Amino acid sequence: MEANGKGKRGRKAGENAAPASVQVLDRSLSLLAIIAEGDGSTLTALSERSGMAPSTVHRLLTSLAQHGMVANDAEAGTWTVGVKAFEIGNAFLRFRKLGTISRPFLKRLMDESGETANIGIEEDGDVVFISQVESHAPMRAFFRPGRRAPIHASGIGKAILSTWSDTEIAKTLSGRTLACFTGRTLATLPDLIRNVQEIRFRGWSVDDEEHTLGMRCIAAPLFNEYGEAIGGISISGPTVRIDDERLGVLGPAVRRMADELTRAIGGHRPEEG
1 MEANGKGKRG RKAGENAAPA SVQVLDRSLS LLAIIAEGDG STLTALSERS
51 GMAPSTVHRL LTSLAQHGMV ANDAEAGTWT VGVKAFEIGN AFLRFRKLGT
101 ISRPFLKRLM DESGETANIG IEEDGDVVFI SQVESHAPMR AFFRPGRRAP
151 IHASGIGKAI LSTWSDTEIA KTLSGRTLAC FTGRTLATLP DLIRNVQEIR
201 FRGWSVDDEE HTLGMRCIAA PLFNEYGEAI GGISISGPTV RIDDERLGVL
251 GPAVRRMADE LTRAIGGHRP EEG
């Protein structure tokens, strides 16, 4: 009986751990919401607004500050929203805007090319697909929104890399293993950089069966208001349809559509700035 009793107490302690963590998170987010409403809040004001003890508020603010979510003005004694919280909010607005505005451009690109049109962003050295308009053809490419692809073996990824300097590419990728997916994958840094230099010259990239045999992808970068690449658009389809002759037609078409979408979101190519 004693053993059973200990087991029950052990389970109860484990069960209470998660709710306690959720409570801390809930309180922290509540504080962040209160801080976001004003131009600077004191510890006393935050304690009164939140109904939490000053010591609890201070502990939570200290943790939030370590993550850049809030900042403290020591002279004024006030707390404001931190840079990290701003970056997160700005990213939401930017990519929500990008996903919404891009739909008619992707639709036009799919209609004109007959191939699946995609849009993706760069995140932590990968490409994350955020939207797609599928081709009507029986054999077509499909990328589920949220799917990640390696930047070195992706049309959009290489389009983004083409906006970086060779030094930046080497610095970002030198510590990573470039996975080899097919016999055509550019799995070494020198091979990748040589290919990227060609992409810079013509303005659009090709994933030539580098990730999936039998599939090609043509992409061009998208830029924000500072002339910085924030993602890219592409068309994907089987090599039997996207042959060498069509590459010369579709490549410039993808770049033109990328430039149109860039202007629609208030961006511009670096050379236009």
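Numbers 1 to 273, taken from UniProt numbering, label the letters of the sequence shown in order. Yeah, the Cβ is synthetic: ideal placement off N, Cα and C, and Gly gets one too. Just so you know, these numbers come straight off a predicted model, no measurement behind them.
TODO: For A229, name the three-state secondary structure that DSSP assigns.
DONE: Indexing the sequence shown from 1 puts residue 229 at position 229. Strand at A229.
Open item on the list: Less than 8 angstroms between C-beta atoms, sequence neighbours within five positions excluded: which residues of the same chain meet that for L43?
Closed with: Your numbering for residue 43 matches position 43 in the sequence shown. Counting only Cβ-Cβ distances below 8 angstroms, and skipping sequence neighbours, we find P54, V57, H58, L61, G77, W79.
Open item on the list: Measuring CB atoms only, is the stretch 224-231 touching the stretch 245-256, in the sense that at least three cross pairs come out at less than 8 angstroms?
Closed with: Counting Cβ pairs under 8 angstroms, fewer than three are found: no touch.
- [ ] Determine, using beta-carbon pairs with one atom in the stretch 174-191 and one in the stretch 215-228, whether at least three such pairs fall under 8 angstroms.
- [x] Two segments are said to touch when three or more pairs of C-beta atoms, one from each, lie closer than 8 angstroms; by this definition the stretch 174-191 does not touch the stretch 215-228.
Open item on the list: Less than 6 angstroms between C-beta atoms, sequence neighbours within five positions excluded: which residues of the same chain meet that for A149?
Closed with: If you number the sequence shown from 1, residue 149 lands on position 149. For A149, where only same-chain residues beyond five positions count, the Cβ hits under 6 angstroms are V127.
TODO: Would you give the residue range spanned by the beta strand (DSSP E) that F223 belongs to?
DONE: Reading the sequence shown from its first residue, position 223 is the one you call residue 223. Per DSSP, the unbroken beta strand (DSSP E) holding F223 starts and ends at 215-223.
Open item on the list: According to DSSP, is V240 part of a helix, a strand, or is it coil?
Closed with: The residue given as residue 240 occupies position 240 in the sequence shown. Coil.
Open item on the list: By alpha-carbon positions, which one of T100, S113, S154, H136 ends up nearest to E122?
Closed with: Numbered from 1 along the sequence shown, position 122 holds the residue referred to as residue 122. From the listed residues T100, S113, S154, H136, the smallest Cα separation to E122 is found for S154.
Open item on the list: Assuming N118 and S41 are in contact, meaning their beta carbons sit under 8 angstroms apart, how far apart are those beta carbons, in whole angstroms?
Closed with: Stepping through the sequence shown from its first residue, residue 118 is reached at position 118. Stepping through the sequence shown from its first residue, residue 41 is reached at position 41. Rounded, the Cβ-Cβ distance is 43 angstroms, inconsistent with contact.
Task: Rounded straight-line distance, which links the Cα of M52 to that of I265 - done: By 1-based counting over the sequence shown, the position of residue 265 is 265. By 1-based counting over the sequence shown, the position of residue 52 is 52. Rounded to the nearest angstrom, the two C-alpha atoms are 42 angstroms apart.
TODO: Count the C-beta pairs between the stretch 193-206 and the stretch 157-169 that are closer than 8 angstroms, then say yes if the count reaches three, no if not.
DONE: The stretch 193-206 vs the stretch 157-169: in contact.
- [ ] Quickly, what does DSSP pair W79 with across the bridge? List them, please.
- [x] Translated into positions along the sequence shown, residue 79 becomes position 79. S41, N72.
TODO: Could you tell me which of A170, G203, E168, R216 sits nearest to R184, measuring between CA atoms?
DONE: Numbered from its first residue, the sequence shown carries residue 184 at position 184. If you compare the alpha carbons of A170, G203, E168, R216 with that of R184, the shortest gap goes to R216.
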